[in-house]
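*Asks:* Here's a structure for you.
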Amino acid sequence: MIFQYQPDRKKAGRNYIFLSTAVILIVITMSYAAYLGTRASNVYAPLIHTSNEMRTQAALAHLWAEEILMGETDVSPADVWKHYEETLLHLDDTKKRLGGLENIFINLDDLRLQETLDLFEKQINACKTITARRFEAGKKAAVGSPIDIEFDNAFKALLATSADIDHRLLDVIDRNAKTLLIIQSALIVFSLLTAFSAGALIFRFDRKISEDLRLLDESNRSLFASNQQLAATEQQLRASNQQLIATEQQLRASNQQMIAANEQLRASEQALRTSENRYRSLFTDMGEGVALHRIMYDTNGVAENYEILDVNPQYEAILGISKQQAVGKKATEIYGTPAPPYLDIFARVAETGDPERFEAFFQPLKKHFSISVSSFEKGLFATIFLDITERKKADYESRRNKARLEILWDISQYNAPSIQDLLDYALEKALLLTESKIGYIYHYDEKKQEFTLNSWSKSVMAECTIAEKQTLYSLERTGIWGEAVRQRSPIIVNEFQSPHALKKGYPEGHAHLERFMTIPVFVAGKIVAVAGVANKNEDYDHTDVKQLQLYMDSVWKIVRQTSDKEEYARIETQMQKLESLGVLAGGIAHDFNNLLTAILANISIASYKIKSEEKAKERLTEAEKACLRAQDLTKQLLTFAKGGAPVKKTVYPESIVKEAAHFALRGSNIKCDFSFAENLWAVEIDEGQISQAINNLVINAMHAMPEGGTIRINVENKFSEENAPFVVISVSDTGAGIPEQHLNKIFDPYFTTKEKGSGLGLAVTYSIVKKHEGRITVESETGVGTTFNIYLPYSFSQQKTDVSEEASLVKGKGRILIMDDEEIVSKVVAEILKEAGYETICVRDGLDAVDLYGRALSEGKAFDVVIMDLTVPGGMGGKEAIKKLLEINPDVKAIVSSGYSNDPIMSEHSKFGFSGMVTKPYTAVELCKTVSDVLKNVNK
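Its first residue numbered 1094, the sequence shown is counted upward by one per residue in the numbering used here.
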């Protein structure tokens, strides 16, 4: 039975609407899935592009900055900053794309990626800052410098961050691609479910048992066909999904290819730029001159000239020939030479292709060149040349310097019998140094303005036929050779036979001159000589001047050293004489002091014993004063002989100043005007030494006024800048004054401006004042006069010598041992001490004193005081004896007595074990007071 299918039209309409809706949903879903894939591709590609551009622009900025600093490019710093700005623009574009994407389910704004981009921005700004500093540093930012290393490290960090950005960006894209795949798969599944749901609903609503099995069968077939169609649609969707996945993979591969292609493009661009820069460096920017040439052949094929095809800027600068003048011209036309320069060499290189290098002197320009020749095509050649004139000059100067040093060494070793012979020898060597044939050396006196001939070269003497050769010239009578003095600078005349405004001609028979050079020789700003050379084969120039100046300066130092040696030898001889005289003076003073001691002590004791006879006592007092004056003379002799430390005591300086001045001026036509401050302070001094110092200053002032005059001596109390108290003794004259240039030398030993002076007076005075812990200054004005000021420290001691005190013997008791080799001295000393109440025993030698002291100590009869002479000719003196006595008795009380008042033992007796000292000659009062003080431990 056949059933006929009768559809329900209303239900069929509803089913149609539902099916249409399902189909539309399926189409929309599949289209949206495809759209998402396309949209993702459009987003991923620009992100990767901007990331690559960031790195590329940063790399170009770094590269161009390096090239600018190395001077290998014509780009400017503005181009570098442009690349930095492009980098920042691409960075900003990347951030915007990541943070503002629309119509995509998954946002690509990743936190770690954003942090990496921020770090990249900071590093870019850091690179900009370092680049600016490098441009400011200039040559200091050379390769290997600290700022260059800092720049490279910053760029390496930037590249690392850029790689990190790529890694994170690809990671984010990968994660989003996977998410997109899931979304697309879900959309496909949704479409399939919709299709199946539509079929199920249609099947449910339209299902009924058809009486017509055929219709049912057709319906089933139709449904099956529909299912087949749905399955096909599903397969299409699956294929579409696979295609989308393949598209993504293709996109990734395309991205990698794009990155590789971009890198290759950058590398190619860099290689091209490097190649261009190399060519530009080789031709345009080279420090050497470069020229391209073509050999020109005659009809026989022989090279006869060459044409200039192209030149670089340095060619123009070195040769002074412009490109317009050179290009297209023949060598003979350009260089103005009869034959093309170096044609044989150039033709050989152009023919064989073998490069050559040579050095040559180019006469038209008077320059030396180093020339390299190479051929890049037969008949064509290129020259690269460098001006080596200065190097050649430097080599020449170096050889001359070496020769000069060798000559100077030779001169320094030359055993010349005199300065004349030394300068003759030096002149002959000067001719060798300057390649001259004749020469001279004249001494010059600036005060007299006179030249005195010292040396003529042997060849001059041979050529000169003047009968009476003049050796002394005044400056005003000299011609051009005197200009070295008048202008105080070297003079060069390379055409001596030509007329010259400064020439006065030279006498008949004079040596012939072609070229001439003369220089002044300076010492301390004064011209002391002139040296001249002549007739060099080539012109004299500044290098000849320099060599001769250096040479003569050194020669004159050798001359001065030789003169100094002669002077030192003279001074040494004088010192030996003075030393011998000093030894003699010391011996005389010592012996004289012994005699004075006997005389003065006897007078003192006689004066003490005479009570009633006032006239006799007055005579004895005068005799005592005379002995004391003689004592001052012996002290000055000792100071002259030995110097030595001062033996100080506290005194008022007024009487010492007056006596020293009057003593120095006796018999002269000079008078002295004294001025002493009220309440003058006391000073602690060695009277003899200070007396000699004042004596020397007064004598110096007297010599400054040979026509007579008045010396003013002022003594006053003063405080120094440090507020230290001083007594200042000023000695002023109205003489010629001391020249300023001599003021810092006047205290040097043997410095004198007097024809007969020894140069010792002021040196001795300076030494004396220094030993008194004082200072001496000088004020002088030429034509007005000179003032010397001696500053002596104020004495804080309250024990001051009072010359008006009534002389009286200090009585005492005790046993005293006297050791003196002069019997006349020991007898009077014993007499004085006996008169004062002491028991005395005398011996003549230190050994006897030690032996007697030891025996007395062991017998219980110890000596209370031992008085010992410091020196005993041929025996043990006090210095050795005190050591022995201290070994016997560490508490021994000993007094040292000597006529050598300036001996260190006398000034610092306690350091040597003595308890006191008394200087010969001495009075009975002085001796007794010293013994009494020692017994009271005053001076121990």
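Ideal Cβ placement from N, Cα and C applies to all residues, glycine included.
Taking C-beta to C-beta, are T1880 and S1919 nearer than 7 angstroms?
*Replies:* Going by C-beta atoms, T1880 is not nearer than 7 angstroms to S1919.
*Asks:* With distances taken Cα to Cα, identify the nearest neighbour of A1171 among P1997, W1157, E1397.
*Replies:* Here the closest residue by C-alpha is W1157.
*Asks:* Sorted by chain position, which residues of the same chain lie with C-beta nearer than 7 angstroms to F1376's C-beta, five sequence neighbours on each side aside?
*Replies:* Excluding residues within five positions, the ones whose Cβ falls inside 7 angstroms are V1383, N1405.
*Asks:* Which word fits S1873, buried or exposed, when buried means at least 16 other C-beta atoms lie within 10 angstroms of its C-beta?
*Replies:* Buried.
*Asks:* What residue does the beta strand (DSSP E) around Y1390 start on, and which one ends it?
*Replies:* Per DSSP, Y1390 belongs to the beta strand (DSSP E) from 1382 to 1390.
*Asks:* What's the C-alpha gap between N2030 and R1948?
*Replies:* Roughly 24 angstroms separates the two Cα atoms.
*Asks:* So, is M1163 buried or exposed, given that buried needs 16 or more other C-beta atoms within 10 angstroms?
*Replies:* M1163 is exposed by the Cβ-count criterion.
*Asks:* In whole angstroms, give me the CA-to-CA distance for K1972 and V1965.
*Replies:* Each residue's Cα considered, the two are about 10 angstroms apart.
*Asks:* Does the distance from the C-beta atom of I1512 to that of V1652 stay below 7 angstroms?
*Replies:* Going by C-beta atoms, I1512 is nearer than 7 angstroms to V1652.
*Asks:* Do the region 1397 to 1413 and the region 1425 to 1443 meet, that is, are 3 or more Cβ pairs less than 8 angstroms apart?
*Replies:* Yes, they touch.
*Asks:* Quick one: using the 10 Å Cβ neighbour count with 16 as the cut-off for buried, is T1430 buried or exposed?
*Replies:* With fewer than 16 Cβ atoms within 10 Å of its Cβ, T1430 is classed as exposed.
*Asks:* Give a yes or no on whether the C-beta atoms belonging to A1519 and G1472 are separated by under 7 angstroms.
*Replies:* Contact flag unset, no.
*Asks:* Cβ of K1977 within 7 angstroms of Cβ of V1943?
*Replies:* The answer is yes: Cβ separation under 7 angstroms.
*Asks:* Using only alpha-carbon positions, find the residue among S1768, D1378, D1826, A1829 that is nearest to D1167.
*Replies:* Among S1768, D1378, D1826, A1829, the Cα nearest to that of D1167 belongs to D1378.
*Asks:* Give me the residue from D1264, R1148, I1119 with the minimum Cα distance to F1283.
*Replies:* Considering only alpha carbons, the answer is I1119.
*Asks:* Three-state secondary structure (DSSP) at L1885?
*Replies:* Three-state result, L1885: strand.
*Asks:* Rounding to the nearest angstrom, what Cα-Cα distance links V1862 and R1759 in this structure?
*Replies:* Between V1862 and R1759, the C-alpha separation is close to 24 angstroms.
*Asks:* Please work out which residues of its chain come closer than 6 angstroms, Cβ to Cβ, to H1155, disregarding the five sequence neighbours upstream and downstream, and give them in chain order.
*Replies:* If we look at H1155 and ignore the five residues flanking it on each side, its Cβ neighbours are F1248.
*Asks:* Give the C-beta separation of I1481 and E1452 to the nearest angstrom, bearing in mind that I take them to be a contact with Cβ-Cβ under 8 angstroms.
*Replies:* Indeed they touch by this definition, with Cβ atoms about 7 angstroms apart.
*Asks:* Is the Cβ-Cβ distance between M2010 and V1989 less than 7 angstroms?
*Replies:* Yes, they are a contact pair.
*Asks:* Would a C-beta distance cut-off of 7 angstroms place N1547 and L1526 closer than the cut-off?
*Replies:* No.
*Asks:* Can you tell me which of the three DSSP states G1947 falls into?
*Replies:* Helix.
*Asks:* Helix, strand or coil for D1826? Go by DSSP, reduced to three states.
*Replies:* Of the three classes helix, strand and coil, the one that applies to D1826 here is strand, per DSSP.
*Asks:* Identify, in the order they occur along the chain, each residue of the same chain with its Cβ nearer than 8 angstroms to the Cβ of A1410, setting aside the five sequence neighbours on each side.
*Replies:* Here the set comprises G1382.
*Asks:* Can you tell which of K1864, A1817, F1840 has its C-alpha closest to the C-alpha of E1780?
*Replies:* Looking at the Cα atoms, K1864 is the closest of the given residues.
*Asks:* Beta-carbon separation of G1992 and K2022 under 7 angstroms?
*Replies:* The answer is no: Cβ separation not under 7 angstroms.
*Asks:* Taking G1930 as the reference, give the member of S2025, S1582, N1269 with the closest Cα.
*Replies:* If we check each option's Cα against that of G1930, S2025 comes out closest.
*Asks:* Ignore the nearest five residues each way along the sequence and tell me which others in L1950's own chain have a CB closer than 7 angstroms to its CB.
*Replies:* So the list reads I1981, N1982, once near-sequence residues are dropped.
*Asks:* Which class does R1805 belong to by DSSP, given the choice of helix, strand or coil?
*Replies:* In the structure shown, R1805 sits in a strand (DSSP, three-state: E or B).
*Asks:* On the three-state DSSP scale, how would you describe G1781?
*Replies:* Three-state DSSP puts G1781 in a helix.
*Asks:* On the DSSP bridge assignment, give the partners of Y1633 in chain order.
*Replies:* DSSP lists no partner for Y1633.
*Asks:* Count the CB pairs spanning the region 1803 to 1818 and the region 1882 to 1891 that are closer than 8 angstroms, and state whether there are at least three.
*Replies:* Enough Cβ pairs lie closer than 8 angstroms, so yes.
*Asks:* Please report the straight-line C-alpha distance between R1492 and I1500, rounded to a whole angstrom.
*Replies:* So the alpha carbons of these two residues sit roughly 12 angstroms apart.
*Asks:* Which residues in the same chain have their Cβ closer than 7 angstroms to the Cβ of V1466, if we skip the five residues on either side of it in sequence?
*Replies:* These residues qualify, in order along the chain: I1438, F1439, V1442, P1448, E1449, F1474, T1476.
*Asks:* How many angstroms separate the CA atom of K1849 from the CA atom of V1877?
*Replies:* Below a pLDDT of 50, predicted positions are generally treated as unreliable, and K1849, at 48, falls in that range; no measurement from the model is reported.
*Asks:* Classify V1116 as helix, strand or coil using the three-state DSSP reduction.
*Replies:* DSSP places V1116 in helix when its eight states are reduced to three.
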